[in-house]
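Take any residue in the sequence shown, count from 1 to its spot, add 199: that is its number in my numbering. Glycine included, each C-beta is placed from N, C-alpha and C at the ideal position. Predicted model, so just to flag it, every value in this text is computed and none were measured. To start, the structure itself, in structure tokens.
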Amino acid sequence: MAKAYVRVCIEPGYEVKLKEKLSKEKGVLSAEITAGEQDMIVLVEANSYEEILNFVLTKIRKEQGVKITWTNFILNI
């Protein structure tokens with residue numbers, strides 16, 4: 200299994216709605232609102248890194264209020 204932390208920068212006012220929506224998506228292990236460089240950190244698990252990238256591109260980045268994402272893959276070394 201592949202995992203990644205996806206850091207999400209969100210327009211003000213969309214944080215709670217996005218957290219609730221992403222928390223229900225298959226493969227999302229957690230979605231937490233944060234303070235700092237990003238507004239949310241989402242822990243995603245899938246069969247491959249390619250599936251994670253596809254999820255970020257087709258689900259997270261398409262959500263209203265999302266400004267930018269950064270995907271940090273967790274490496275099993």
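Asked	Found
Going straight from the alpha carbon of residue 224 to that of residue 252, what length do you get?	15 angstroms
Nearest by alpha-carbon distance to residue 229: which of 235, 219 and 237 is it?	219
Could you name the residues that DSSP lists as bridge partners for residue 206?	240 and 269
Could you tell me which of 276, 274, 231 and 248 sits nearest to residue 207, measuring between CA atoms?	231
Which residue comes first and which comes last in the alpha helix (DSSP H) that contains residue 221?	214-222
Whole angstroms is fine: what's the gap from residue 265's alpha carbon to residue 276's?	31 angstroms
Should residue 239 go down as buried or exposed, given a rule of 16 or more other Cβ atoms within 10 Å for buried?	buried
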